[in-house]
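Written below as structure tokens is the structure these notes are about.
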Amino acid sequence: MLSDDLALRGPKFGCGLGQCGACTAIVGGRAIRSCVTPVGTLGGAEVTTLEGLGTVEHPHPIQKAFVDEQAAQCGFCLNGVILTAKAFLDQNHGASDPQILQAMSTVLCRCFTHTRMLRAIRAYAREQAARP
């Protein structure tokens, strides 16, 4: 529905089994896999996709961190990486590196920009931890 009916291009259809993370959206502050989440189960919940975070002119802080670190290559996994990191860090201010790595282990990436992605995620984590 996100792609076909709403023409959103952030969430990607990857595995269709909820295992790769490419289709991630944020619902109720949690990262969910849209490919295995029936729209009827959402009730009237707010759904946030990558498109809902920021704009080119005013990117969300996590998007800006990814741009600053040049943390993208092919971009297929980027939706899942950014939204999973955001949902996790918004709920876990001050998360440790092992906790961040564990949270991110649910998103598959094959382009090997992990080091830059982790730098971007850590930058966002530092910003979140500094907020009151």
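For the sequence shown, this note's numbering begins at 83 and goes up steadily by one.
Every residue gets a Cβ at the ideal spot worked out from N, C-alpha and C, and that includes glycine.
This structure is a prediction, so every number in the text was calculated from the model and none was measured.
Just grab the DSSP bridge partners of residue i for me.
{"i": "residue 112", "result": "109"}
{"i": "residue 130", "result": "108"}
Leaving out the 5 sequence neighbours to the left and right, which residues in its chain are closer than 6 Å to residue i when beta-carbon positions are compared?
{"i": "residue 211", "result": "175 and 176"}
{"i": "residue 202", "result": "147, 148, 151 and 153"}
{"i": "residue 170", "result": "185"}
Alpha carbon to alpha carbon, how far is residue i from residue j?
{"i": "residue 172", "j": "residue 111", "result": "8 Å"}
{"i": "residue 244", "j": "residue 192", "result": "Nothing about residue 244 can be read from this structure; the chain reaches only from 83 to 214."}
{"i": "residue 146", "j": "residue 125", "result": "32 Å"}
{"i": "residue 194", "j": "residue 200", "result": "11 Å"}
{"i": "residue 136", "j": "residue 144", "result": "9 Å"}
{"i": "residue 108", "j": "residue 139", "result": "22 Å"}
{"i": "residue 120", "j": "residue 186", "result": "23 Å"}
{"i": "residue 134", "j": "residue 106", "result": "13 Å"}
{"i": "residue 122", "j": "residue 92", "result": "21 Å"}
{"i": "residue 155", "j": "residue 163", "result": "12 Å"}
{"i": "residue 196", "j": "residue 142", "result": "20 Å"}
With C-beta atoms as the reference, is residue i less than 8 Å away from residue j?
{"i": "residue 206", "j": "residue 153", "result": "no"}
{"i": "residue 103", "j": "residue 183", "result": "no"}
{"i": "residue 100", "j": "residue 118", "result": "yes"}
{"i": "residue 165", "j": "residue 127", "result": "no"}
{"i": "residue 198", "j": "residue 151", "result": "yes"}
For the stretch 89 to 103 against the stretch 156 to 165, do three or more pairs of beta-carbon atoms, one drawn from each stretch, fall closer than 8 Å, so that the two count as touching?
yes
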